[in-house]
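Engineer: Sharing a structure here in structure tokens format.
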Amino acid sequence: MFRVVLFALLGLLVLHGTAQAEVRLVRPVRMIVPYVPGGGTDTLGRLMAAQLSESLGQQVVIDNRAGGGSTIGTHMIAQANPDGYTIGVVDAAFVTNPSLVPKLPYATPKDFSLIALVATAPMVLVVSSAGPYRTVRDLVSAAKGQAGKLTFGTAGAGSATHLAAEQLRIAAGIDVIHVPYRGSGQSMTELMGGHLSFAFTTPGTARPHVAGGRLRALGITSATRSIVMPDVPTFNESGITGVDTTTITGMIGPSGLSREYVRFMNAAVAAAVNSPEVRQRYAAMGYESTLLTPEQYAVRVASEIAKWRKLITEAGIKADSP
Numbered sequence: 006m007f008r009v010v011l012f013a014l015l016g017l018l019v020l021h022g023t024a025q026a027e028v029r030l031v032r033p034v035r036m037i038v039p040y041v042p043g044g045g046t047d048t049l050g051r052l053m054a055a056q057l058s059e060s061l062g063q064q065v066v067i068d069n070r071a072g073g074g075s076t077i078g079t080h081m082i083a084q085a086n087p088d089g090y091t092i093g094v095v096d097a098a099f100v101t102n103p104s105l106v107p108k109l110p111y112a113t114p115k116d117f118s119l120i121a122l123v124a125t126a127p128m129v130l131v132v133s134s135a136g137p138y139r140t141v142r143d144l145v146s147a148a149k150g151q152a153g154k155l156t157f158g159t160a161g162a163g164s165a166t167h168l169a170a171e172q173l174r175i176a177a178g179i180d181v182i183h184v185p186y187r188g189s190g191q192s193m194t195e196l197m198g199g200h201l202s203f204a205f206t207t208p209g210t211a212r213p214h215v216a217g218g219r220l221r222a223l224g225i226t227s228a229t230r231s232i233v234m235p236d237v238p239t240f241n242e243s244g245i246t247g248v249d250t251t252t253i254t255g256m257i258g259p260s261g262l263s264r265e266y267v268r269f270m271n272a273a274v275a276a277a278v279n280s281p282e283v284r285q286r287y288a289a290m291g292y293e294s295t296l297l298t299p300e301q302y303a304v305r306v307a308s309e310i311a312k313w314r315k316l317i318t319e320a321g322i323k324a325d326s327p
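Under my numbering, the first residue of the sequence shown is numbered 6, with each subsequent residue one higher.
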């Protein structure tokens, strides 16, 4: 009897030590991406999945579940079994949808376990290189002198490109006209064709057009100059504060994931993001590696939700229908 009890106690100690120090995965992990293949969030997710597959010793399989402005796939993450075999990648919509979607089928962040913030990307204000604007101040002065005449294109109502433009409109006190499109590609084409006055886009989208002489970058929404486009001044440098839209890409799971698993996966994500290959690919796409702990990520999410709720309410923004 003594030996049985001793072995049982030893077994409990081993299990306890393993739970604290190590998480073992015994089958493939599903990574839900709430968008169609090919976009920025999907590409970031695939980069992460490839690196994590090697470090975890289990394949991380991408599962694209698009629709509803990312709400369908995000809802699937919330409903998943919190056993560690379903995780997801989310972007700025994760923190703006709580204010944009009237009947969101989940509660953010209550219905999720926040694992890690992995990448950020500021927005860049661009104009046609054939146009007259060479600085943010040039554009603002023209907008004030021609109230209700200048137009800006976005990737859709409620998109990050729209929110950045609304921040500029409010901060600079200008009256400009919103022209929404079904994606940033079309708005860039219209801008280069001279049919729009300005637009916001990501550095990854802006950089090749700027390098090719088709667009001119006037300002970037990061607090300091971006390593991706170091020649572009910040809005603070241009004398305009409050224009700070930044897309954030993070990894989440359903609520109820164990604390050990969340920390284990956060460490695995950190190792993947710090790999030279991922950092190089991020930079090529216009993203900057931005690692946060689960606790720091939770603070960032709460802050972002509050910030966008204030702007969306003040500007009366309504999201496009899915």
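Yeah, the Cβ is synthetic: ideal placement off N, Cα and C, and Gly gets one too.
1. Just to confirm, does Q63 get its C-beta within under 7 Å of one of the non-hydrogen atoms of the ligand NAD?
2. Can you tell me which of the three DSSP states T91 falls into?
3. Where DSSP assigns a beta bridge to E293, which residues make up the other side?
4. Would you identify the three-state DSSP class for V66, choosing helix, strand or coil?
5. From the DSSP output, in three-state form, read off H214 for me.
6. Is the number of C-beta pairs between the stretch 152–172 and the stretch 94–105 that are closer than 8 Å three or more?
7. Go ahead and label A152 buried or exposed: buried means 16 or more other beta carbons lie within 10 angstroms of its beta carbon, across all protein chains shown.
8. So the candidates are L316, S280 and N271; which of them puts its Cα closest to the Cα of A303?
9. Are the beta-carbon atoms belonging to T113 and T295 less than 8 Å from one another?
10. Do you know whose CA, among G44, S146 and V184, lies nearest A177's CA?
11. Roughly how many whole angstroms lie between the Cα atoms of E265 and I37?
12. How is the alpha helix (DSSP H) around L173 delimited, first residue to last?
13. If you draw a straight line from the alpha carbon of D180 to that of L173, how long is it in whole angstroms?
14. Please report the residue range of the alpha helix (DSSP H) in which L105 lies.
Structural biologist: Quick answer:
1. What this structure holds is no ligand at all, so the ligand NAD is not there to describe.
2. Reading the sequence shown from its first residue, position 86 is the one you call residue 91. Strand, per DSSP.
3. By one-based count along the sequence shown, residue 293 stands at place 288. As DSSP reads the structure, E293 sits in a beta bridge with T125.
4. Sequence index remark: in the sequence shown, residue 66 carries index 61 (1-based). Correct three-state label for V66: strand.
5. Mapped onto the sequence shown, residue 214 falls at position 209. DSSP places H214 in helix when its eight states are reduced to three.
6. yes
7. On the sequence shown, residue 152 is found 147 positions in, with the first residue counted as 1. A152 comes out exposed.
8. In the sequence shown, the residue the question calls residue 303 occupies position 298. Ranking the options by Cα distance to A303, first place goes to N271.
9. Taking the first residue of the sequence shown as position 1, residue 113 is located at position 108. Taking the first residue of the sequence shown as position 1, residue 295 is located at position 290. Contact: no.
10. Residue numbering aside, residue 177 sits at position 172 when the sequence shown is read from its first letter. A177 has its Cα closest to that of S146, out of G44, S146 and V184.
11. On the sequence shown, position 260 is the one that residue 265 refers to. On the sequence shown, position 32 is the one that residue 37 refers to. Spanning the two alpha carbons is a distance of roughly 21 Å.
12. Position 168 of the sequence shown, counted from the start, is the residue given in the question as residue 173. Element bounds for L173: A165 to A177.
13. If you number the sequence shown from 1, residue 180 lands on position 175. If you number the sequence shown from 1, residue 173 lands on position 168. Each residue's alpha carbon lies about 10 Å from the other.
14. Your numbering for residue 105 matches position 100 in the sequence shown. Run containing L105: A98 to L105, per the alpha helix (DSSP H) assignment.
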